[in-house]
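Numbering-wise (the working numbering), the sequence shown opens with residue 60 and increments by one. Where a beta carbon is used, it is the ideal one built from N, C-alpha and C, also for glycine.
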Amino acid sequence: MDENVLQNLDLHQASEEGTEMVFHLNDAFFKALAQEEILGGDVEFRLRVRRRADSIYLLNVSVDGVVQTPCDRCLDPVSIHVEAEDELRAVHDDESFADEAEVLLTDKRSDKVDLSWTAYEIIETSLPLERCHDRENCNPEMLARISGTYEGEE
Ligand SMILES: [Zn+2]
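Below you can see the structure in the form of structure tokens.
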């Protein structure tokens, strides 16, 4: 399924069907978001929706794939493997506890939700703090430009 479905997902319908949904998040998905941390990627986003009560849903989500971020040292793109899972509640505003992992339903009548930013956040928070190439794979010209001098091998 494409990311347009993820932006306007009908949870009621998804819970009735009960099947696991699989989305492929690609370069275009990450570029469309208002963020600069993830340059692109190829990530499988899996989602299972269960209905708890009227307009309260439990979402089991997992991500698995590769994203490109700027390397901490040379700023060239570096590929990072991401794998994470999470459980979220989806509720209307007036049911919100605020202190739990939640997403808010966007449409009162049809229980729709936009999960694109949620998917991004799960991926982003699963990234390691240090995002670097192996040292020999860093771009030497960029390293020289950043440090002001090119020292070659250390
Ligand atoms: Zn690098």
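_Distance CB(residue 152)-CB(residue 66) smaller than 7 Å_ = No.
*asked:* Along the chain, where does the alpha helix (DSSP H) containing residue 86 start, and where does it finish?
replied: 86 to 91
*With C-beta atoms as the reference, is residue 118 less than 7 Å away from residue 163?*
no
*Where does residue 199 sit, in a helix, a strand or coil, going by DSSP?*
helix
*Note the first and the last residue of the continuous alpha helix (DSSP H) segment covering residue 94.*
From DSSP, residue 94 is part of no alpha helix (DSSP H); its letter is neither H nor E.
*residue 128 bridges to which residues according to DSSP?*
137
*How long is the line joining the alpha carbons of residue 63 and residue 88, rounded to whole angstroms?*
9 Å
*asked:* For residue 170, count the other beta carbons within 10 Å of its own beta carbon; 16 or more makes it buried, fewer makes it exposed. Which is it?
replied: buried
_At the level of alpha carbons, what is the spacing between residue 71 and residue 188?_
Roughly 37 Å between the two C-alpha positions.
*With distances taken between CB atoms, is the gap from residue 139 to residue 126 smaller than 7 Å?*
In this structure, residue 126 lies closer than 7 Å to residue 139 by Cβ.
_The beta strand (DSSP E) enclosing residue 163, as first and last residue numbers_ = 161 to 163
*What residues are listed by DSSP as bridge partners for residue 83?*
103
_8 Å contact criterion, which residue 128 and residue 68 should meet: CB distance rounded_ = About 26 Å separates the two Cβ atoms, so there is no contact after all.
*Around the Cβ of residue 156, are there at least 16 other Cβ atoms within 10 angstroms (buried) or fewer (exposed)?*
exposed
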